[in-house]
Structure formats: structure tokens, C-alpha cells
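According to this note's numbering, the residues represented by the sequence shown are 245 to 729, in order.
Idealized CB from N, CA, C, for every residue including glycine.
These numbers were taken from a predicted model, which means no experiment stands behind them.
For reference, the structure discussed in these notes is given below.
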Amino acid sequence: MDFPYLTIASAAAALRQGEFSAIELTRAALQRIEAYNGDLNAYITLDPEGALAAAEVADRRLKSGDATPLTGIPIAMKDIFCTRGLRTTCSSRMLADFVPPYDATVVRKLREAGAVMMGKTNMDEFAMGSSTETSYFGITRNPWDRERIPGGSSGGSAAAMAASLCLGATGTDTGGSIRQPAALTGLTGLKPTYGRVSRYGMIAFASSLDQAGPMTWTAEDAALLLQAMAGHDPLDSTSIDAPVPDYAAHLNGSIKGLRIGVPGEYFGEGLDPALREVLDNAQQLFRKLGAVIFPVSLPHTEYAIPTYYILAPAEASSNLARYDGIKFGYRCDQPRDLSDLYTRTRAEGFGSEVKRRIMLGTYVLSSGYYDAYYRKAQKVRRLIAGDFETAFHQVDLLLTPTTPSTAFRLGEKSDDPVRMYLSDIFTINVNLAGLPGISVPCGVDGQGLPMGMQLIGRPLEEAVMLKAAHAYQQATGWHKRRPRL
Ligand code: GLN
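Put into C-alpha cells, the structure is as follows:
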């Protein structure tokens, strides 16, 4: 078995044909983790016993013939999903010793499908960041260049995938945290329509934006993982009660006549010229495959960053009020009185980016500023969503860059929050509008660092996005590149 070149689909076929067992596959993943995780810090909690036990059950299922495509597949879980009996930290000191008494719905569904969970991956603290540098458990390195960030906030999952320490991973995306790390590490990363995947048991950052999704090598693998993750959940009141299509069954076939829009606003001055060229090539290829390319306009694009950085912190400040040192999580030593308990617990338990967001959020929600900031941002959010609605009258998909540049150096932006926030410019709009988006590997820069293109779809049209991404991957080899470790 050549582990780094396996995909979920190819490993599932090999497991069925008995080329190797789930136990052997899991051991191979464990060996790679042993060899490379120390340096990369992709996983912050490992569960080798749990993984081997799950692999044993998977082997029995494979024999009895009731396996799913995920049965026996080693996966990595972002440490934002509650895992029963296994530490779940959100990469914060606040939850450094938190052991949940229940599984998140995503975790439960993946376990039921027979996936083998290797461990929990590093992330920006409470998913706030674009580089995985704000974690209480240290930074994660990019397997393509260890002096560079793997993206964030799902940077641990991205690094675990890129270094082949698993065959599939979960991420969450509030403003780009699946698509951006996928782009910077050469993966396919899919953020589903808001509400397609349950948020139950997924630690909340900004509840109206948060959405879980798969990070894989291929669109085909993304279809397989999403299949198991998606669906209505009575435990999440915002989850959508609509049937889940058979994503894998919709992958193949021609994309002839598919209308793809290219929004001019995403191809302005800040874009790396190498990325522009690569995206031109992608458009040409789509044309060759029979798609029709249209220029479109999303005029409110420039307001996305200020809008998001009002709304997301506002929701975060409310969600994070629960970490008060009383109910669960970190508590400071020897509090003098109640107010000392609250203030010291939160001062010691949260890192500086989280504190910055809480302060921003409480400010924009305060009575004197609510109308000027929070309410205004809600109105602009509506306008941004309206831009997409108009564009989707003309086209079926939108094609944009995922990020303005390839992976930046460790430390390059960590002292300058505004520069860090600006790196989300192409992904945030999609969350504000609640739409599905996928990042697909589409080239490399002069240093061999991966680049991603983003496809954006209509609400609940993940299948259309996946089909276009799959057609692109049938005709290109960017998703087959692996870093030399
Ligand atoms: N980088 C964005 C932020 O810092 C988005 C993070 C995310 O999607 N979780 O908020």
C-alpha cells in the first residue's frame, strides 16, 4: 500500500477487495503520525486505542458485507467537534481539560458510517484566525514548506491531510476556514450550504455562519464524506430539513452547457499575478469541457470584510459568555470573590485574538453602537446575499480565487490582525450569504506551493459544485501532487 497516494475511494475499493485490512490501514496511518506529527503538530490529541478498536469493528463489517465507503477509513477530526470521552479543546486553554460526555452529530454520523477517527486536529483558538497560529497548543506547520502556515482555522486538519496522516478530515468554516487551508495545502475543501450539516456538538463561534464540511484530496472523496455528514438533525434548529442527494451518483457526466460566472470584483489589484494566470487556465479548461463562462458583478464584495468582522465577533462575544469558570472549563486559582473569579478565569483562559473578538463584539452590540454597527452590518449582509441571488439568475456556478496569495510565512501576519483579516476577502462573502463553496487545487506558484480556485453554488446545490470540480480533476493532476516530507 502506498498510503500517501490513496484516496478514500481507492482505499475503500482496496478494503473491499481484501488488498489490505482496516487494521493494516490504521496501523499505516499511525506509523506516519509517529514519524511526522511531532514536527508538524497537526494532531493535538491522538486516540490510537480507539482507532484500532474501530478498525477491528470495520474489518468485521467489511467481511459481513454491510460496509459503507467510509468503513475502515482513517480520518482526522477538527478539535471543535465534541467527542465523547476524548478531550475536546477548541485549541483553547479554556477547554484544555474538557472531556465531553457526548458526540457531536457529525462525529456520531461518521462513527456510524464506520470511519476510523485517529485523533483531534489543531486549529486557531475557537476557530478565530487564518493561520493556526492562535492555538494554545502551539502552531501547525505546512507540510509543503515547514516555515509557512497551513492556513486556518482548520490548519491541523489541512496539515494532517497534506502529510497523509489520514485519508479524510473534517473542518469548519465560518469565514473560510475549510476552503482557505485546503487551498494553501493542495486539498479539496467543501463548505456546505448553511444548515446542510448539523452544528450540534460543534463548539460555537458565530452561529449564523458556522458550517462543517470535508477536507479531502478529491471532489469524489468530498462527496463521500459529505454524504455521511449531511442531513437534517432535530438537535440543531437551523439544520435544513431537505433530503440529501446521492452526491457520488451525480459526479460523473458532462458539464456541457454549465454556466459559470466570473465576478470581476474578485480579480482586482490585490491578486497575485501567478494566481490570475492559473485561474485563466482553469476557465479555459472549463470552456473546453463544454461550460460557458460569463462575466458577472457582485458589487457589494468590498463590504464583506467589515461586515463579517462586526457580525462574527458580535455572535462570538455572546457564544463565549458561557465560559465563566462556573459551569465547565478552566477556572482560575483561589478566586477572591465572584467578580475576581469571572475576570481572572476569562483573562487567563482566553488568548489575545479571542479577547480582541469579544471586545469588538460587545462594543458593536452595546446600546449606543448597536444601530450604527450591528444593525447596519445586518443590512449590508442582506445586500451581499442579494448580489449572489442576482448572479445566480444568470449562471449556475461562480469561479473565483480562494485566497489572494499562496501560504504565507509563519509570523508574517500574526502581529497585524487587520492584514490577517484581509486574507479572508474571497471566502467570507460565501458565509455571509449562506452558500456552498468548494476550493479545488488548480496550480502551483514558483516555489511549488499549492493554489486553489473556488467554485460557489446555489443554496443546496453542492452536487453541481462537486460535479464541476470532479470534471476538472478528471482533466488535471493538481490534486495528485503530494509534498515531499
Ligand atoms: N479567518 C476567519 C476568522 O478569523 C474565518 C475563520 C473561520 O472560518 N472559522 O474569523
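Query: Contact test: M372 Cβ vs ligand 1 heavy atom, cutoff 7 Å; Result: yes
Query: Cα-Cα separation, P436 to G681; Result: 7 Å
Query: Residue from G505, R601 and F264 whose Cα sits closest to the Cα of F538; Result: G505
Query: Own chain residues within Cβ distance below 7 Å of I554, not counting five before or after; Result: V608, Y617, Y618 and A621
Query: Beta-bridge pairing of F538 - partner residues as DSSP gives them; Result: G505
Query: C-alpha distance - L468 paired with G457, whole-angstrom precision; Result: 11 Å
Query: Beta-carbon proximity check, L679 vs G696, cutoff 8 Å; Result: no
Query: Start and end residues, alpha helix (DSSP H) containing T634; Result: K620 to Q638
Query: Cα-Cα separation between G508 and V536, rounded to whole angstroms; Result: 16 Å
Query: As assigned by DSSP and simplified to three states, the class of T482; Result: coil
Query: Beta-bridge pairing of D454 - partner residues as DSSP gives them; Result: D454 pairs with nothing; no bridge assigned.
Query: At least 3 beta-carbon pairs within less than 8 Å: the region 575-582 vs the region 385-394; Result: no
Query: Distance cut-off 7 Å: F381 Cβ against heavy atoms of ligand 1; Result: no
Query: 8 Å Cβ cutoff met for G569 and Y586; Result: yes
Query: Best match in K353, T327 and L495 for proximity to Y346 [C-alpha to C-alpha]; Result: T327
Query: Closest Cα partner of N366 within the set I499, P478 and A320; Result: A320
Query: Beta-carbon gap between P645 and Q698 smaller than 8 Å; Result: yes
Query: Start-to-end residues for the beta strand (DSSP E) that takes in V688; Result: G681 to V688
Query: Cβ separation of M362 and A273, assumed to be a contact under 8 Å, to the nearest whole Å; Result: 6 Å
Query: Residue of G396, D668, A311 and F381 minimising C-alpha distance to Y547; Result: D668
Query: Opening and closing residue of the beta strand (DSSP E) in which V360 lies; Result: V360 to T365
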